[in-house]
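Asks:
Residue numbers (my numbering), protein chains in the order written: chain A, 89 to 336; chain B, 89 to 336; chain C, 89 to 336; chain D, 89 to 336; chain E, 89 to 336; chain F, 89 to 336.
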């Protein structure tokens, strides 16, 4: 099985962290191909950057996704998820989406932990778009990371552990660590926390494998069916070719 | 007052229709500048095209919006609305957003009328993202328009009138006509319908003028504050310059 | 255009404040006629007084509204809004209703600031009746005003500015100032607040003008159609005549 | 125990029907005093009439309620319920309110059956204001009654039975008969229906007795505490005296 | 009238407390039979124990409920309520269910007070299953009781009074005391609290009497109709006989 | 990895069908142990039977689950899921739970297909308890199966395919087949359906494997922490021993 890991951030080190974790948790038969964004900011961190990221992810999928068995979005805002899910026939999974559904099978309510406070509403809206607001305790924001901390999040592991204790008191039964750079961190910290930490990237890779193995078919009706053939202007060659090839 | 009308569809005739209506309903002092998309499909009609349209609208705003007093999105999916609202200091209004809020001040519940059935969920999700699901009767889909009908929607006015009667029986107190190409049509048909037809483009232009005249200030905190300075890759020059100029 | 401004409070100074602001924000062509309640308390401040106010507003509309092009309710509980909207053919807008819909086009979530804590649930229920609870951060109550402060709310402007900072931290992207006596105050304070202050009275006047200019038609079906002819007992002559005149 | 039954409709025959049923279901020790509205229409049937009815009910409560142990609203829109509940210290119960809570203890979801289709949204909004929308199948409207049928609803009992069958198929586990004129009818028809019919008037009388016997105390904080002393203009003498007497 | 009071906890003293209160509030004509669980823990206090309690309550109903006119569940998690309501033809009422519906007729929003913090989510989910989340302020947890306090809850009455003050400030208009052992306590404390305390056991007994007197009929369709005849394995003789006797 | 598959129905053929499918979809390293209920009906089909089934499942888990790495509930009502999840430290997954979360990663909204119409509300309440009502199109009921059809559901495959077409038109992007007896059927039919069919049993097995491989830890706080040591009466020896062994 071949999984395409799309990181629409333009930072290679995020891709590397995510790909390493993906390779660790995936089945032996699974090959991980990881690609990095070429459009947009180094780290997506607000509404306008997320809109650019959605387009960037769609372009990456068009360029690299043709032969994949599944696509995983390695960005915690799940940028472009509905767009890519619609335009491709194979399973497409977002890391926060996968984390949220995993959290639901682990306890009652979950929280999400992130860095910097201006993104809290984006996560709230994302969880709400998944229909899971009633199971969501909310977003807990730790001050924004320095570049060094971003590259080595274990430098802030005390804050993560503290936050997990706080969130448990607020009624969370698990905590999602939001951010592709945190891939792999949950299993290193969860002995110290009263509630499990969910690794979105690992969850997404496993969910993608599961959807492939369950042989989920593609819709031929409704809003997730493939697009009709359209002549796209101003986009990359691969995306244009993708749409030229649709025939319904 | 200068309002920039952004049509992220790459069809000039849609821009022309919308701009004509915008000029008719706006105040004498208001100048309408209308621009057409250069990225994406002729008419946005599904999830992946809407993601492209959001990026296209943001690029258009960066290129043409610097001196505008307000921006109106002339596309009924309101593509890129939160992204543009965040990245600019002036009011930004979407046509379906404006129509929905207008409908709420006209009666209890409203419906939306559109063409082709695969987009119904996109409108439902859009209305839900505005928090207005409890006031929404739902989407009524008339079969997709032919190219000729798309250019002259009055060819299908009987179907619109019939649909309004049906929706009134289902509990709608008003109907939004979804689609920038329908700008101007509601006032030509509403003598024949038991409930008012809402013209999203006209509503959006008036709402934009109102927000300017109310002198609504820009947030300096939260998820709608301006982005931080970021080095964007692979985007248009104007969008890159816009982000280079942010300083918080 | 002639807008009837209805203040169902029996305090003339509230009418004067609201009318002054209404004249300032309305279009040159718009004439504002403002009337004051003759039934009920000086300032409506609880559930039972709001019920009286709804009836009082309906009586005022019957007496003064026949020739108006639109009606604006200058009371922040929007007393009698559905009743008057149904019984008249012209647009009818409430000031908190208009503020709430305006706030939705300005950011993600909004709050409402008021004085005295026993009315918080009334505003929560009002916003919920508009379907906007998911976009509502909540009510922030400042201690009840003294009579002098009520007549000159700028005496408490520091508290308003402080509250806006608090509400911004709680996730509000804008704040509605609840209370017709605050008309005009937002634009005098919003340089000092991190998020915009919404002036409900000003918003309502602009929304009323917009609905008139959009030529929104009256429903002839559903719960907002005009009442049937009914013989009313014990009401004012104008209200009785209004109902005598209905014919459906 | 003395229960004041308030019928804000100005039709004496509705009061008589309701009072007869109230006397039948109440405890031997309970005395029923029934009063008829003197303000408003013979039968309340739309939004504006309901606003008049709320005021009318409050006036009736002020005039007749001083010595009552509980108040029951014998009008299926529960006109004025929050207003009267706040302004009086004894229990106050609405007939549709009581029916809805009773229905919840009888099965999963309930429906409401009424006559004439323009009132459906009023009942939907009423049930929603009670927080019970998720347990509500909806309103089923039978064509409006003739005056003769209104005075003898058993003339339409076949339609009621048919409607109950339809609603059972739609998932209702019980049906509320909306309308004070139907008091007493449910127990005459429920042998023929697959799901129980709920008599709102009977339920309200029993609920009122229960609240009295449970010795529920009056709030001294929050939005349901008694109003403050206020000088009311233009209202009936008893209502003015009531407000003059408040002292908090 | 004969009411069967089922306490699925295996503690006789809880049954005794509940039965004493039930006898005090019920009508003179009502006989109370109270039974204690023989399966499960002394005091049900978590999810798995509540599942055992549901089965235990169903077994008790099968053994003792044949001749009852109504069943009341004297356990604040209302264990087994939907199961017993379906399997029997007479009214079945849970004590927290009855308390919640009572609270709704007393004010706007209510809270629930309990002991020990691990059960808060169970009450939240229970209230949500009743559809009443929008009227619920939440659960307030006082530290778990000692065995002595459990047998004499008046030892902690100061904490209850303090908590009621706190909850009133948070917007509660009434407070449910969660726990069958508190039966009778509310009326001894409510002079000292700003909002009424609701006694679930007393409310349930009165609601059960009301449902009997209203002659609510049993559904013959839907999910609350009686079960079909089934051969049950491994259950008590009375439960097996009950199911053997069904014939639809 | 050892997965315990619990079928609380007392029908061995259901266990056999479910176990066969579980073995087919699970990883090579996974061993499936399947056990059948000894308490309750052959096929759980209503509220009271589901309550018995929850207890039966808990007993089976106590008897057989000690050495398992994960537990899967092979009953489409997910009987006892929260109870078992709380009382055990390893992952516990319900088949409809897993199907619902899988469906969410496949499209926008999903439906559930089942046999016999009295169980529809049970599935609606189950999906609602998972917080997923906003993503749920609803339950579609095909007439109840005959015993022969129950043992060979492929006899009704035409009806399943027809229902999938109907549900697609109603807006479903996927359909869950509710019922452990349908395990394995979706992949045999989904070439003929416009939207994918979700196999709950297969999904649950894969989700259980995923949770084990993600090394999700057990909560030590909140409502899902292990029960305290309690003396249970009247239960099976293994369940009593399990509770005797808890120490928090």
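We treat Cβ as the ideally placed atom computed from N, Cα and C, and that holds for glycine.
Considering only residues of the same chain and omitting the five flanking positions on each side of residue 96 of chain C, which have a CB-CB separation below 6 Å?
Replies: So the list reads 125, 141, 144, 145, 163 and 167, once near-sequence residues are dropped.
Asks: Who pairs with residue 202 of chain E in a beta bridge, going by DSSP?
Replies: Paired residue(s): E:229.
Asks: Whose C-alpha, out of E:188, E:206, E:332 and E:209, is nearest the C-alpha of residue 199 of chain E?
Replies: Among E:188, E:206, E:332 and E:209, the Cα nearest to that of residue 199 of chain E belongs to E:188.
Asks: For residue 288 of chain D, count neighbouring C-beta atoms within 10 Å of its own C-beta (all shown protein chains included) and say buried if the count is 16 or more, exposed if not.
Replies: With 16 or more other Cβ atoms within 10 Å, it is buried.
Asks: Just verifying my parser: in three-state terms, what is the DSSP assignment at residue 244 of chain E?
Replies: Helix.
Asks: Just checking my contact of residue 181 of chain D with residue 193 of chain E at CB under 8 Å: how many whole Å lie between their CB atoms?
Replies: With 8 Å as the limit, residue 181 of chain D and residue 193 of chain E qualify as a contact, their Cβ atoms being about 6 Å apart.
Asks: For residue 291 of chain C, tell me which candidate among B:115, B:291, B:298 and B:290 has the shortest Cα-Cα distance.
Replies: Ranking the options by Cα distance to residue 291 of chain C, first place goes to B:298.
Asks: Following the continuous alpha helix (DSSP H) through residue 190 of chain E, name the residue where it begins and the one where it ends.
Replies: That run of the alpha helix (DSSP H) goes 183-192.
Asks: Considering only residues of the same chain and omitting the five flanking positions on each side of residue 328 of chain D, which have a CB-CB separation below 7 Å?
Replies: Excluding residues within five positions, the ones whose Cβ falls inside 7 Å are 320.
Asks: CA-CA distance, residue 220 of chain F and residue 102 of chain B?
Replies: Answer to the nearest angstrom: the Cα atoms are 38 Å apart.
Asks: Cα separation between residue 252 of chain F and residue 215 of chain F?
Replies: Each residue's alpha carbon lies about 19 Å from the other.
Asks: With 16 other CB atoms within 10 Å as the buried threshold, where does residue 318 of chain E fall?
Replies: Buried.
Asks: Is residue 226 of chain E close to chain F? Criterion is C-beta to C-beta, closer than 8 Å.
Replies: Chain F, which has no Cβ nearer than 8 Å to the Cβ of residue 226 of chain E, makes this no.
Asks: May I ask you to list the residues that DSSP assigns as paired with residue 97 of chain E?
Replies: According to DSSP, which records beta bridges pairwise, residue 97 of chain E is partnered with nothing at all.
Asks: Quick one: what does DSSP say residue 224 of chain E is sitting in, helix, strand or coil?
Replies: Correct three-state label for residue 224 of chain E: strand.
Asks: Distance check for residue 257 of chain B and residue 257 of chain F, CA to CA, integer angstroms please.
Replies: So the two alpha carbons sit approximately 21 Å from each other.
Asks: Counting Cβ pairs, one atom from each stretch, are 3 or more of them under 8 Å apart for the region 242-252 of chain D and the region 302-311 of chain E?
Replies: Too few Cβ pairs lie closer than 8 Å, so no.
Asks: Decide if residue 135 of chain B is buried, meaning its Cβ has at least 16 other Cβ atoms within 10 Å, or exposed.
Replies: So residue 135 of chain B counts as buried.
Asks: Taking buried to mean at least 16 other C-beta atoms within 10 Å of its own C-beta, is residue 313 of chain B buried or exposed?
Replies: So residue 313 of chain B ends up on the buried side.
Asks: Should residue 174 of chain D be labelled buried (16 or more other beta-carbon atoms within 10 Å of its own) or exposed?
Replies: The residue in question, residue 174 of chain D, is buried, as its Cβ has 16 or more Cβ neighbours within 10 Å.
Asks: Can you check whether the CB of residue 309 of chain B is closer than 8 Å to the CB of residue 284 of chain C?
Replies: The answer is no: Cβ separation not under 8 Å.
Asks: Determine the direct distance from the alpha carbon of residue 335 of chain F to that of residue 248 of chain D, and round the result to whole angstroms.
Replies: Residue 248 of chain D and residue 335 of chain F: Cα-Cα distance of roughly 59 Å.
Asks: Please confirm whether residue 209 of chain B has its beta-carbon closer than 8 Å to some beta-carbon of chain F.
Replies: Residue 209 of chain B counts as touching chain F.
Asks: Please confirm whether residue 201 of chain F and residue 263 of chain F have their CB atoms less than 8 Å apart.
Replies: Contact flag set, yes.
Asks: Listing by chain order, which chain D residues have their CB less than 8 Å from the CB of residue 284 of chain E?
Replies: Within 8 Å Cβ-Cβ: 304, 305, 306 and 307.
Asks: Can you tell me whether residue 234 of chain A is buried or exposed, with buried defined as 16 or more other CB within 10 angstroms of its CB?
Replies: So residue 234 of chain A ends up on the exposed side.
Asks: Can you name the start and end residues of the alpha helix (DSSP H) that residue 293 of chain A belongs to?
Replies: Its alpha helix (DSSP H) spans residues 288-301.
Asks: With distances taken from CA atoms, which of F:218, F:271 and F:228 is nearest residue 111 of chain F?
Replies: When each option's Cα is compared against that of residue 111 of chain F, the closest is F:271.
Asks: Once the 5 residues before and after residue 296 of chain A are set aside, which same chain residues still bring their CB inside 7 Å of it?
Replies: 91, 158, 160, 179 and 181, listed in sequence order.
Asks: Residue 239 of chain B: which of B:119, B:130 and B:171 sits nearest, CA to CA?
Replies: Residue B:130 is the option with its Cα nearest to residue 239 of chain B.
Asks: Check the Cβ-Cβ distances between residue 223 of chain A and every residue of chain F, and say whether any is below 8 Å.
Replies: Residue 223 of chain A counts as touching chain F.
Asks: What three-state label does DSSP hand residue 174 of chain C in the structure shown?
Replies: Looking at residue 174 of chain C - three-state DSSP - the assignment turns out to be helix.
Asks: Any residues in the region 172-187 of chain D with a beta carbon nearer than 8 Å to a beta carbon of chain E? Which ones, in chain order?
Replies: Taking 8 Å as the Cβ-Cβ cut-off against chain E, the residues of the region 172-187 of chain D that qualify are 173, 179, 181, 185 and 186.
Asks: Mind listing, in chain order, the continuous beta strand (DSSP E) runs of no fewer than 3 residues lying wholly within the region 127-173 of chain D?
Replies: Counting only runs of 3 or more, we get 158-161.
Asks: Once you ignore the five residues that flank residue 150 of chain A on each side, which residues in its own chain have a CB closer than 7 Å to its CB?
Replies: Taken in chain order, the residues that qualify are 324, 326, 327 and 330.
Asks: At a CB-CB cut-off below 7 Å, which residues of chain B make contact with residue 98 of chain A?
Replies: Residues of chain B passing the Cβ test: 321.
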